[in-house]
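Colleague: Chains as they are written, first to last, in the working numbering: chain S, 1 to 274; chain W, 1 to 372.
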Amino acid sequence: MTVANPYAIQMADLAEVIDETPTIKTFVFAPAEPIAFRAGQFVQVTVPGLGEAPFTPSSSPHEPERLAVTVLKTGLVTDRMHDCKAGDRMGLRGPFGKGYPIEKLAGKDVLVVGGGVGLAPLRALILALMHDLGPIRRMSIKYGARDPSELLFRSEYDAWTRHDKVDMAVTVDRGDPSWTGNVGLVTTLLEQDRLGVDVANTVAFSCGPGIMLKFVTQALLNVGLKPEQLYLSMNRRMSCGIGKCGRCNIGPYYLCKDGPDMNYAQIMGYANVF
Amino acid sequence: MAVYFAEEAQLHTFLREAGPGKTYAAVRREAGSEYALLGPDADDEPSLREARPGVSPKRFLMPPRERVARYSTVGEAGAEAPDESDEKEEQPEPTTLVGLRACDLAAAEYLDKVFLEGDFEDPFYKARRENQIVISVDCTQVHEKCFCDVVGGRPFAMGGFDLNISPIASGYVVWVGTERGQALIDAHAKLFREATQAEIDEVKQSREKTSEQLREQSKGLKLTEHLQEVLSRLEESDLWDKHAAQCVECAACTNICPTCHCFYLYDRAAGEGKAGEFERIKTWDSCLTADYSRMAGVGGTKPNPRATLRTRFANRFLHKYGFSPIQYGVLGCTGCGRCMEACFGGVDIRKVLDEIDKRESETAAGGRETDA
């Protein structure tokens with residue numbers, strides 16, 4: 001057989017497991033053959049004997065030798081992953097999908113809107129852009145989590161916003177006694193007076209639960225963004241990763257090969273988007 | 001290329017002997033035709049004059065279950081997993097398929113687009129297809145569910161075969177589609193002679209007759225103009241409620257459909273009980289089942305984008321007639337009608353097509369309704 005087998009699994013040991021929040025951990029792999037990926041592309045992680053699940057790396061594409069995924073404990077595979085420790089053997093397949101259209105962002109205001117664990121894939125975008133902020137005009141990050149304990153990558157916000165071109169606003173659905181920041185859904189950060197980007201020149205990227213994506217989309221359209229300025233990280237059950245097994249479609253698009261981040265203008269006419 | 005003729009006994013001998021590897025043919029059975037192994041001594045007779053078999057030859061292109069990967073948690077991580085014996089095991093033996101109807105060839109063409117085009121090829125599918133001889137046959141009988149003419153097909157093949165057989169009264173006219181097919185004829189030259197013009201003319205008449213039978217059976221059923229646009233408007237229409245109400249989610253239609261190709265990947269222990277050895281299996285799946293698209297997560301996060309049967313039913317129909325032309329440039333339906341034969345609930349895909357067409361002509365006549 002001369003054709004590469006896209007189903008083949010590369011075994012890789014976990015180099016590190018990082019507790020991020022009470023429900024989210026980051027798993028760092030050191031694959032023998034580093035998996036070069038574009039920010040926004042995803043990999044399939046195999047828990048041996050159980051199966052695989054798709055995750056978009058949260059780590060920088062400039063460090064493929066330390067590929068990391070940041071995972072909410074929420075199902076069969078992720079429950080088992082949360083029991084894993086450094087040194088445990090897992091499988092990797094990929095990368096799959098298109099990745100963020102970073103080459104189209106020169107001169108743009110980049111708006112990054114994350115909800116909960118949805119900041120994980122966006123971190124790869126943020127780090128890819130931070131690698132060379134020269135081409136973009138600015139980057140504004142809006143992030144919301146359920147409560148302060150669920151804020152992801154909290155220790156990194158200062159480093160991200162140290163650069164003049166980058167600002168970040170954070171909100172939580174429910175505060176706690178120590179919380180002095182914003183309280184409210186992430187959409188409250190998207191109101192006209194708080195947006196802080198030039199709407200006409202903006203490209204927005206959003207990732208989070210489906211319901212959050214729906215309201216973020218509405219909020220951004222309300223302030224004047226056009227559908228084609230909006231990229232949504234759509235989640236469907238991507239399995240094969242190669243556009244053949246069928247289960248991750250929105251209309252004629254297979255998210256595993258055409259996404260998972262989709263331009264809203266492409267998908268808005270189809271059913272069951274949110 | 002030359003056109004050949006063989007009498008029935010000679011053709012049967014040829015079909016039993018010619019193909020490399022195992023030959024699977026549509027054979028006559030009491031309850032209709034079906035694909036079965038055609039051995040040299042088998043009593044089975046190739047079914048060349050009956051309507052298409054009730055089950056398509058999809059399983060020879062895309063086996064219901066196959067291993068696509070192995071992995072191990074023992075030894076060095078990242079080491080090349082399969083040893084040489086595994087590689088050999090993955091090489092499919094050659095097969096010869098006999099008796100495929102034009103709709104089956106259209107389905108094979110569709111599956112080729114799915115598994116061989118795009119950024120990734122399926123190496124298992126590719127190896128199987130490369131090692132497959134295809135001998136097709138014209139339809140001289142029409143099954144009561146056949147409607148290939150409605151979806152752009154014809155009851156006879158114009159390509160996609162190595163050899164194609166056209167039954168006529170005195171025997172069979174054989175058309176050569178590829179050099180591989182010619183080589184098979186050359187190796188059994190004694191069984192054939194060149195077809196006469198009269199025999200070729202008889203084929204033409206026979207094909208016209210079958211086409212006319214189909215037209216009569218379809219009774220004016222047609223694909224709505226601009227069906228893709230119409231369907232995109234109907235994706236969330238109430239049209240689907242009535243038809244979905246008949247569906248029992250048994251997946252018979254998706255299993256029997258020659259173009260339905262969706263699959264599921266799952267892992268299981270391998271290596272004869274050796275600890276830490278696993279294999280990944282690819283198996284047929286159905287978009288009509290509730291858990292097909294279900295993701296992880298609790299109910300409130302909407303883990304199932306198509307939680308209702310109606311949306312799944314609509315998605316399957318739209319994939320066939322709306323999305324496939326965008327994805328692959330062809331319809332995902334060959335008009336073989338097998339889904340209707342298999343359906344326990346009596347879902348008739350022709351009725352859905354017809355209803356859409358009627359709604360559209362009514363809408364066009366009486367002003368556009370705002371649907372969905």
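Backbone N, C-alpha and C define an ideal beta-carbon position, used for all residues, glycine too.
If you're wondering where the values come from, they're calculated on a predicted model, not measured in any experiment.
1) Per DSSP, which residues does residue 176 of chain W bridge with? Please list them.
2) Can you pull the chain S neighbours of residue 327 of chain W, defined as C-beta to C-beta under 7 Å?
3) Residue 198 of chain W lies in the alpha helix (DSSP H); which residues open and close that run?
4) Using C-beta distances below 6 Å, list every residue in its chain close to residue 133 of chain W, excluding the 5 sequence neighbours before and after it, in chain order.
5) Starting from the C-beta of residue 259 of chain W, find all residues in its chain whose C-beta is less than 6 Å away, skip the five residues before and the five after it, and write them out in chain order.
6) For residue 339 of chain W and chain S, any beta-carbon pair shorter than 9 Å?
7) Report the three-state DSSP secondary structure of residue 272 of chain S (helix, strand or coil).
8) Suppose contacts are defined by Cβ-Cβ distances below 9 Å. Is residue 89 of chain S in contact with residue 13 of chain S by that definition?
9) For residue 178 of chain S, is the classification buried or exposed, using 16 other Cβ atoms within 10 angstroms of its Cβ as the cut-off for buried?
10) Short check: CB of residue 25 of chain W to CB of residue 47 of chain W, under 9 Å?
11) If the cut is a Cβ gap below 9 Å, which residues of chain W does residue 84 of chain S touch?
12) In chain W, which residues lie less than 9 Å from residue 236 of chain S when you measure between Cβ atoms?
13) Whose C-beta lies closer than 6 Å to the C-beta of residue 138 of chain W among residues of the same chain, with five residues either side of it excluded?
14) Within the same chain, show all residues whose beta-carbon is closer than 6 Å to that of residue 87 of chain W, passing over the 5 residues directly before and after it, in chain order.
15) Would you check if the distance between the CB atom of residue 160 of chain W and the CB atom of residue 177 of chain W is smaller than 9 Å?
16) Where does residue 238 of chain S land, buried or exposed, given buried means 16+ other C-beta within 10 angstroms?
17) Is the CB of residue 272 of chain S under 9 Å away from at least one CB in chain W?
18) Rounded to whole angstroms, what is the Cα-Cα separation between residue 268 of chain S and residue 206 of chain W?
19) Determine the closest residue to residue 283 of chain S out of S/113, S/20, S/221, with distance taken between C-alpha atoms.
20) Whose C-alpha, out of S/105, S/212, S/257, S/169, is nearest the C-alpha of residue 128 of chain S?
21) Is it a yes or a no for the segment 110-129 of chain S touching the segment 207-219 of chain S, going by three-plus beta-carbon pairs under 8 Å?
22) Relative to the C-alpha of residue 80 of chain S, which candidate in W/328, W/296, W/323 has its C-alpha closest?
23) Would you call the CB atoms of residue 184 of chain S and residue 173 of chain S closer than 9 Å?
24) For the 8 Å Cβ check, are there 3 or more pairs between the segment 251-264 of chain S and the segment 8-22 of chain W?
25) Could you list which residues in chain W have their beta carbon closer than 9 Å to that of residue 255 of chain S, in chain order?
26) If you draw a straight line from the C-alpha of residue 117 of chain S to the C-alpha of residue 18 of chain S, how long is it?
27) Of all the options S/199, S/158, S/232, S/193, which has the alpha carbon lying nearest to the alpha carbon of residue 98 of chain S?
28) Give the range of the alpha helix (DSSP H) segment to which residue 160 of chain S is assigned.
29) In chain S, which residues lie less than 9 Å from residue 118 of chain W when you measure between Cβ atoms?
30) Decide if residue 191 of chain S is buried, meaning its Cβ has at least 16 other Cβ atoms within 10 Å, or exposed.
31) Three-state secondary structure (DSSP) at residue 146 of chain W?
32) So which residues of chain W does residue 48 of chain S contact, with C-beta pairs closer than 8 Å?
33) Helix, strand or coil: how does DSSP classify residue 79 of chain S here?
34) Using a 10 Å radius around the Cβ and a threshold of 16 neighbouring Cβ atoms, would you call residue 92 of chain W buried or exposed?
35) Could you please give me the residues that DSSP links to residue 93 of chain S through a beta bridge?
36) Determine, using beta carbons only, whether residue 262 of chain S comes closer than 9 Å to chain W.
Modeller: The relevant details are as follows:
1) Answer is W/163.
2) Within chain S, the residues near residue 327 of chain W are 252.
3) It spans 197-218 - the alpha helix (DSSP H) in which residue 198 of chain W sits, taken as one unbroken run.
4) Here residue 133 of chain W has 19, 96, 162 as same chain residues with Cβ atoms under 6 Å from its own Cβ, once five neighbours each way along the sequence are excluded.
5) Short of 6 Å from the beta carbon of residue 259 of chain W, and not among the five residues preceding or following it, lie these beta carbons of its own chain, in chain order: 107, 110, 332.
6) For residue 339 of chain W, the answer is no, since every Cβ of chain S falls outside 9 Å of its Cβ.
7) Residue 272 of chain S falls in the coil class under three-state DSSP.
8) In this structure, the beta-carbon distance from residue 89 of chain S to residue 13 of chain S falls below 9 Å.
9) So residue 178 of chain S counts as exposed.
10) Yes, the Cβ-Cβ distance between residue 25 of chain W and residue 47 of chain W is below 9 Å.
11) Going along chain W, no residue has its Cβ under 9 Å from residue 84 of chain S, so there is no contact; the nearest lies around 12 Å.
12) Going along chain W in sequence order, the residues near residue 236 of chain S (Cβ under 9 Å) are 293, 295, 305.
13) Only 156, 166 meet the Cβ criterion.
14) With a pLDDT of 47 at residue 87 of chain W, under the threshold of 50, the modelled position of that residue is not reliable, and no figure is offered here.
15) In this structure, residue 160 of chain W sits near residue 177 of chain W, with a CB-CB distance shorter than 9 Å.
16) So residue 238 of chain S counts as buried.
17) Any Cβ of chain W closer than 9 Å to the Cβ of residue 272 of chain S would place that residue at the interface, and such an atom is present.
18) Each residue's alpha carbon lies about 49 Å from the other.
19) This structure cannot speak to residue 283 of chain S, because chain S is shown only from 1 to 274.
20) Ranked by how close their Cα comes to the Cα of residue 128 of chain S, the residues S/105, S/212, S/257, S/169 have S/105 in first place.
21) Contact between the segment 110-129 of chain S and the segment 207-219 of chain S is present: three or more C-beta pairs spanning the two stretches fall below 8 Å.
22) The residue with the shortest Cα to Cα distance from residue 80 of chain S is W/296.
23) Cβ distance < 9 Å, so residue 184 of chain S and residue 173 of chain S count as in contact.
24) Not touching, per the Cβ criterion.
25) Under the 9 Å cutoff, chain W gives no residues; its nearest Cβ is about 10 Å from residue 255 of chain S.
26) Residue 18 of chain S has its alpha-carbon roughly 14 Å from the corresponding atom of residue 117 of chain S.
27) Comparing Cα positions, the closest option is S/232.
28) Looking at the DSSP string, the run of the alpha helix (DSSP H) that includes residue 160 of chain S is 157-161.
29) Under the 9 Å cutoff, chain S gives 242, 243, 244, 257.
30) Classification of residue 191 of chain S: exposed, given that the 10 Å Cβ count is below 16.
31) If DSSP states are grouped into helix, strand and coil, residue 146 of chain W belongs with coil.
32) Within chain W, the C-beta atoms nearer than 8 Å to that of residue 48 of chain S come from 71, 73, 267, 276, 278, in chain order.
33) Residue 79 of chain S sits in a helix when the DSSP states are folded into three classes.
34) Buried, by the Cβ-count rule.
35) In DSSP, residue 93 of chain S forms a bridge with S/44.
36) Judged by the 9 Å Cβ criterion, residue 262 of chain S is not in contact with chain W.
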